[in-house]
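Numbering (our numbering), first residue to last: 248 to 527.
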């Protein structure tokens with residue numbers, strides 16, 4: 248039976264966060280699935296490398312153009328970068344909520360309602376959101392909170408509220424079928440599945456280089472993608488990959504054995520090398 252078109256909701260703390268799995272989103276968008284990308288904040292207080300570099304200089308040597316830039320101007324640049332990066336992957340439904348930073352639910356509780364409204368409007372089958380776990384890609388848990396954790400809590404609470412009918416609600420409740428977390432926040436051994444995004448590698452490099460507000464250059468963007476996507480792909484015997492973690496175990500009717508696993512198990516070493524190097 249052919250799978251029906253999916254609606255996918257991507258919820259992120261900052262404009263750049265969606266890029267960690269943008270190749271996967273691009274695959275789905277190219278197949279006709281509906282993809283919505285949300286950024287809870289504009290990321291104004293992070294990765295402003297130009298300002299950081301100027302502040303390291305003596306006051307008389309600082310660039311007046313950079314020093315005179317207003318937060319509003321920086322927000323405009325960040326939003327523009329987000330929209331342009333999404334367009335690289337064929338995504339046009341982009342939402343900037345613009346909550347203050349540092350983003351904390353204690354000071355911005357309205358984020359839950361804003362995300363709930365989006366869930367009930369978009370009615371996604373899939374939500375990909377920030378990891379709610381304190382480890383955040385390290386085996387050493389932290390007791391601190393940051394924008395990513397708070398975004399995870401907000402999106403999961405919004406999902407719960409959107410699924411239940413309450414008095415005063417004007418939109419029909421909606422239950423999200425599955426929730427995934429980007430693998431970038433986990434150790435490789437913790438990943439549940441890997442997506443082959445080798446055909447989207449150049450798009451990932453192109454999107455990464457768009458974020459000049461964060462100090463990215465074409466050269467650094469390519470190197471970063473080679474190291475991150477290539478490392479994960481290497482262990483799957485493919486050029487480039489993105490990983491994901493399921494929120495909960497999947498209910499199946501039989502053991503999942505992908506056709507690709509059978510093919511890879513039966514191929515020759517020479518064919519494996521050709522497959523691994525095919526996109527280089």
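We treat Cβ as the ideally placed atom computed from N, Cα and C, and that holds for glycine.
Exercise. Output yes or no for whether 8 angstroms exceeds the beta carbon distance between residue 398 and residue 289.
Key: By 1-based counting over the chain shown, the position of residue 398 is 151. By 1-based counting over the chain shown, the position of residue 289 is 42. Going by C-beta atoms, residue 398 is not nearer than 8 angstroms to residue 289.
Quiz item: Nearest-angstrom Cα distance between residue 456 and residue 463?
Solution: Within the chain shown, numbered from 1, the residue matching residue 456 stands at position 209. Within the chain shown, numbered from 1, the residue matching residue 463 stands at position 216. Between residue 456 and residue 463, the C-alpha separation is close to 5 angstroms.
Practice problem: Return the CA-CA distance between residue 516 and residue 495, expressed in angstroms with no decimal places. | Solution: In the chain shown, residue 516 corresponds to position 269, counting from 1. In the chain shown, residue 495 corresponds to position 248, counting from 1. Spanning the two alpha carbons is a distance of roughly 35 angstroms.
Practice problem: Assuming residue 394 and residue 348 form a contact by the criterion Cβ under 8 angstroms, report the distance between their Cβ atoms to the nearest whole angstrom. | Solution: Within the chain shown, the letter at position 147 stands for residue 394. Within the chain shown, the letter at position 101 stands for residue 348. About 7 angstroms; that satisfies the 8 angstroms criterion.
Quiz prompt | Of the listed residues 424, 310 and 378, nearest to residue 407 (C-alpha basis) | solution = Your numbering for residue 407 matches position 160 in the chain shown. Taking only the C-alpha atoms, the option nearest residue 407 is 424.
Practice problem: Give the DSSP-derived three-state secondary structure of residue 488 in the structure shown. | Solution: By one-based count along the chain shown, residue 488 stands at place 241. It is a strand residue.
Quiz prompt | Extent of the continuous beta strand (DSSP E) to which residue 228 belongs | solution = This structure leaves residue 228 out entirely; the chain is present only between 248 and 527.
Self-check item: Sequence-distant residues of its chain with Cβ nearer than 8 angstroms to residue 403 (five each side left out)
Solution: Counting from one through the chain shown, the residue named residue 403 turns up at place 156. So the list reads 376, 379 and 426, once near-sequence residues are dropped.
Quiz item: Sorted by chain position, which residues of the same chain lie with C-beta nearer than 7 angstroms to residue 328's C-beta, five sequence neighbours on each side aside?
Solution: Taking the first residue of the chain shown as 1, we reach residue 328 at position 81. Closer than 7 angstroms at Cβ, skipping near neighbours: 262, 457, 458 and 460.
Quiz prompt | residue 519, buried or exposed, once every other Cβ within 10 Å from all chains shown has been counted against 16 | solution = The count along the chain shown starts at 1 and reaches residue 519 at position 272. Exposed is the call here.
Practice problem: Check whether the segment 361-371 touches the segment 409-419, counting contact only when three or more Cβ pairs, one atom from each stretch, lie closer than 8 angstroms. | Solution: yes
Quiz item: Among residues of its own chain, excluding the 5 on either side of residue 524, which ones have a beta-carbon nearer than 6 angstroms to its beta-carbon?
Solution: Here residue 524 refers to the residue found at position 277 when the chain shown is read from its first residue. The answer is none, since no qualifying residue turns up.
Exercise. Could you spell out the range, first to last residue, of the beta strand (DSSP E) harbouring residue 369?
Key: Working through the chain shown from its first residue, we reach residue 369 at position 122. Segment 357-369 is the alpha helix (DSSP H) holding residue 369; no beta strand (DSSP E) there.
Practice problem: Grab me the residues of residue 252's own chain with a C-beta within less than 6 angstroms of its C-beta, minus the 5 sequence neighbours each way, in chain order. | Solution: Position 5 of the chain shown, counted from the first residue, corresponds to residue 252. Here the set comprises 279 and 280.
Quiz item: Roughly how many whole angstroms lie between the Cα atoms of residue 191 and residue 352?
Solution: Not covered by the structure: residue 191. The range shown for the chain is 248 to 527.
Practice problem: Please check the pair residue 476 and residue 448, which I expect to be a contact at CB under 8 angstroms, by giving their CB distance rounded to whole angstroms. | Solution: Counting from 1 along the chain shown, the entry for residue 476 is found at position 229. Counting from 1 along the chain shown, the entry for residue 448 is found at position 201. Yes, they are in contact, since the Cβ atoms of residue 476 and residue 448 sit about 6 angstroms apart, within 8 angstroms.
Quiz item: Does the Cβ of residue 451 have 16 or more other Cβ atoms within 10 Å, making it buried, or fewer, making it exposed?
Solution: Residue numbering aside, residue 451 sits at position 204 when the chain shown is read from its first letter. Under this definition residue 451 is a buried residue.
Practice problem: Spatial neighbours of residue 361 within its chain, please: CB distance less than 7 angstroms, with the 5 preceding and 5 following residues excluded, ordered by chain position. | Solution: Reading the chain shown from its first residue, position 114 is the one you call residue 361. 344.
Quiz item: So residue 307 is in the beta strand (DSSP E); what residue range does that whole segment cover?
Solution: Here residue 307 corresponds to residue number 60 of the chain shown, with the count starting at 1. No beta strand (DSSP E) contains residue 307, which DSSP labels as neither H nor E.
Exercise. Can you give me the Cβ contacts of residue 248 inside the same chain, cut-off strictly under 7 angstroms, excluding the 5 residues immediately before and after it?
Key: Against the chain shown, residue 248 aligns to sequence position 1. Residue placement at residue 248 is poorly supported in this model, since its pLDDT is 44, which falls under 50; the coordinates still yield a value, given next. Closer than 7 angstroms at Cβ, skipping near neighbours: no residue.
Self-check item: Other residues of its chain near residue 333: CB distance less than 6 angstroms, five sequence neighbours each side excluded
Solution: For this step, residue 333 is matched to residue 86 along the chain shown. So the qualifying residues of the chain are 284 and 341.
Practice problem: Output the boundary residues of the alpha helix (DSSP H) element that contains residue 432. | Solution: Along the chain shown, one-based indexing puts residue 432 at 185. Element bounds for residue 432: n/a, residue is neither H nor E.
Practice problem: For the beta strand (DSSP E) containing residue 283, list its first residue and its last residue. | Solution: The sequence position of residue 283 within the chain shown is 36, counting from 1. 281-286 is the extent of the beta strand (DSSP E) around residue 283.
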